[in-house]
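So for the sequence shown, UniProt numbering puts the first residue at 1; every next one is plus one. Beneath this line is the structure, given in structure tokens, with notes to follow.
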Amino acid sequence: MDIYASKAISLKAKADPSIANLSFGEPVFGPPEHLLKAIEQEDLSLSAFMDASKRYEDPRGSLALRQAIAAWYRDRYGLHFDPEREIMVTHGGVEAITLALLVTTSAQDKVAISDPSYMLYARTLKTLERTPLRITRPAGNHEYAEMLAQDGALEGVKAMIVNSPENPTGYVASPQDWAVIGARAERSGCWIIHDEVYDAMHFERPHQPARAIASLANNSIIINSFSKKFGLPGLRIGWMIAPPQVIEQAAKAHDYLYLGVNIQYERIAQRLLNDDGKFAWLEEMSSNIAQRCHTALNTLTEERGYRWPRKPLGAMFLFPEVSGVYQRMPEKYRQPGQHIGDAVANYLLEERGVAVVPGSVYGPQGNNHIRLVLCMPDDVFNLAMKRMV
């Protein structure tokens, strides 16, 4: 399988420190500084290492961590989940998505994803021999409601992946969206897999987990992780919340494929969720991203070639339309047959020293777009803004 464009660009940017890298979602923030001493002295101690490395973890993960996850939803959303029957710990959010697809669909089944959507969804589906069904999602205030406006929109579909808050656009599903998603899923009998790994990053519209919607209580699966909100992508700890029969099958598949997650890293994850100051820290982090988003929107204006069919409501990304930049850049970067976003990404990398991701990797609706991340150091962000105009 060929290396995908965003990672190829990011690898080039990492090899050249002069490039302002806005291409890869590895947050510079986190974990909370007030927890670092305890993590070092307790969770990363020799005794913690020996305790973790001399045994296999339960396939569902540590019960203590599952209880902390249940408390997260109770305290943040007023939702109640059984940590023993409805929650399992996974090797990051990506494994949770894979397991959800494995146990709710079969080979050749159709799985709906919106266009645009996170690049790994289509790749995961093809790897699992499922059939990706891209449904165009028009820009607007209630995008999923518009996308699924027809009664039979999900007929013949076994599952649909919803990413909210979303990579790459920053879109956050509205209550109207969730009402339509629930109605269509109930009618067609399909599963809704809600990838909410950016749940703590919402600044223009409140976030809702799928299982908060009454019509989705029995046919939705929540995917989450510590990678983005706590800035720990290398921890590789995520989770899945689903009806008991899904968790039972997912735990078996997890056991067959991976055994258990890293016990020592579970301890760190548990500490993060049990911290009394976590919500305040996350709110500060989200506010910082919102401020950076505001700065970018005021810098990358239409007069400079950047259009904003969608202004981010959450997550940590920007997804401008860049045909204006394309028209202004040197002729040598405009290759016949090349998508506008691909050409602009190459131009920004080679001519301006800024690494971004071509929008085409997120589906045909992204062909004229680029994606930027907002979670890098201040000096890198400021330099990128200066170079891009």
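Using N, Cα and C, we set each Cβ at its ideal position, and we do this for glycine too.
Of the other Cβ atoms in all chains shown, 16 or more fall within 10 Å of the Cβ of residue 99; this residue is therefore buried. Counting only residues of its own chain and dropping the five nearest sequence neighbours on each side, residue 252 has a CB closer than 8 Å to the CB of 59.
Excluding its 5 nearest sequence neighbours in each direction, residue 304 has C-beta neighbours in its own chain below 7 Å: 389, listed in chain order. Secondary structure note for residue 31: it is in no beta strand (DSSP E), with a DSSP letter that is neither H nor E.
With three or more CB-CB distances shorter than 8 Å, the stretch 174-194 counts as touching the stretch 143-157. The C-alpha of residue 26 is placed about 28 Å away from the C-alpha of residue 323.
For a cut-off of 8 Å, the C-beta gap from residue 329 to residue 306 is around 13 Å, too long to register as a contact.
In the same chain as residue 211, and ignoring 5 residues on each side of it, the C-beta atoms closer than 7 Å to its own belong to 79, 217, 220, 222 and 241, in chain order.
Linking residue 129 to residue 234 through their CA atoms gives a straight-line distance of about 28 Å. If you compare the alpha carbons of 264, 160, 387 and 63 with that of residue 299, the shortest gap goes to 387. One Cα belongs to residue 84, the other to residue 70, and the distance between them is close to 10 Å.
At the C-beta level, residue 267 and residue 374 stay beyond 8 Å of one another. Burial of residue 86 is indicated by the presence of at least 16 other C-beta atoms within 10 angstroms of its C-beta. If you ignore the 5 residues before and after residue 133, its C-beta comes within less than 8 Å of the C-beta of 110, 111, 112, 113 and 157, all in its own chain and listed in chain order. Counting C-beta pairs closer than 8 Å gives fewer than three between the stretch 352-364 and the stretch 31-41, which falls short of the contact rule. A Cβ-Cβ distance of about 7 Å is found for the pair residue 376 and residue 21, placing them in contact under the 8 Å criterion. Note on residue 50: under 16 other CB atoms within 10 angstroms of its CB, so exposed under the neighbour-count rule.
Shown here, residue 94 sits in a helix according to DSSP, grouped into three states.
Around the beta-carbon of residue 165, 16 or more other beta-carbon atoms lie within 10 Å, marking it buried. With contacts defined by Cβ atoms closer than 8 Å, residue 195 and residue 93 form a contacting pair. By the neighbour-count definition (other C-beta atoms within 10 Å, threshold 16), residue 38 is an exposed residue. Here residue 204 has 313 as same chain residues with Cβ atoms under 6 Å from its own Cβ, once five neighbours each way along the sequence are excluded. Within the model, the alpha-carbon separation for residue 349 versus residue 10 is close to 10 Å. One alpha carbon belongs to residue 343, the other to residue 335, and they sit about 7 Å apart. Remark: C-beta atoms of residue 200 and residue 287 do not approach each other more closely than 8 Å.
Excluding the 5 residues flanking it on each side, residue 74 has same chain C-beta neighbours closer than 7 Å at 80, in chain order. In terms of Cα proximity to residue 136, the closest of 125, 117, 122 and 36 is 117. Following the DSSP letters along the chain, one finds residue 132 inside the beta strand (DSSP E) bounded by residues 131-136.
As a beta-bridge residue in DSSP terms, residue 224 pairs with 239. The C-alpha of residue 14 lies about 12 Å from the C-alpha of residue 380. Residue 316 sits in coil when the DSSP states are folded into three classes, being neither helix nor strand. Considering only 120, 125, 56 and 226, the residue with the shortest C-alpha distance to residue 106 is 125.
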